[in-house]
Structures are given as structure tokens and as C-alpha cells.
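Here the sequence shown stands for residues 145 to 200, where the numbers follow the numbering used here.
Even for Gly, the Cβ is constructed at its ideal location relative to N, Cα and C.
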Amino acid sequence: DSDPRATRHKLECGLRRAMALRPGLRGQIVHPGEGVDLNDVLTGRDQKDDRTGQDA
Numbered sequence: 145d146s147d148p149r150a151t152r153h154k155l156e157c158g159l160r161r162a163m164a165l166r167p168g169l170r171g172q173i174v175h176p177g178e179g180v181d182l183n184d185v186l187t188g189r190d191q192k193d194d195r196t197g198q199d200a
């Protein structure tokens with residue numbers, strides 16, 4: 145997994161850029177869950193199969 149401090153810094157920079165381009169835009173960073181990183185979220189590997197409770 146990636147360095148949490150570096151990841152947070154990159155996310156905050158992206159939020160600041162987006163908010164500077166779109167006045168009134170609000171952004172926040174949420175924790176994806178224990179053992180899950182941003183790449184897992186983006187690729188859908190953080191999802192569980194609702195029928196079995198297993199990783200999809």
C-alpha cells in the first residue's frame with residue numbers, strides 16, 4: 145500500500161485545485177476502510193458480492 149501521508153497530500157492538492165476552479169465546490173476525503181486503498185476503490189476491488197459476502 146501507499147504512504148498515507150503522501151496519498152493524503154495528493155488528494156488535498158487535487159481538492160484545492162478543483163475548488164479553485166469551481167467556486168462553491170466543497171470536497172472531503174473519506175477513509176475507504178481498513179486494508180483498502182484508493183486503487184482498490186477505483187478498480188472496484190473494495191466491493192463485496194452481496195449474495196455471498198465474499199470479495200467480488
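Rounding to the nearest angstrom, what Cα-Cα distance links G171 and A150 in this structure?
Locating residue 171 in the sequence shown gives position 27, counting from the first residue. Locating residue 150 in the sequence shown gives position 6, counting from the first residue. So the two alpha carbons sit approximately 18 Å from each other.
Note the first and the last residue of the continuous alpha helix (DSSP H) segment covering H175.
In the sequence shown, the residue the question calls residue 175 occupies position 31. The continuous stretches of alpha helix (DSSP H) do not include H175, and DSSP gives it neither H nor E.
Could you check the C-alpha separation between R163 and E178 for me, to the nearest Å?
Your numbering for residue 163 matches position 19 in the sequence shown. Your numbering for residue 178 matches position 34 in the sequence shown. The question names Arg, but residue 163 in the sequence shown is Met. Cα-Cα distance, rounded: 28 Å.
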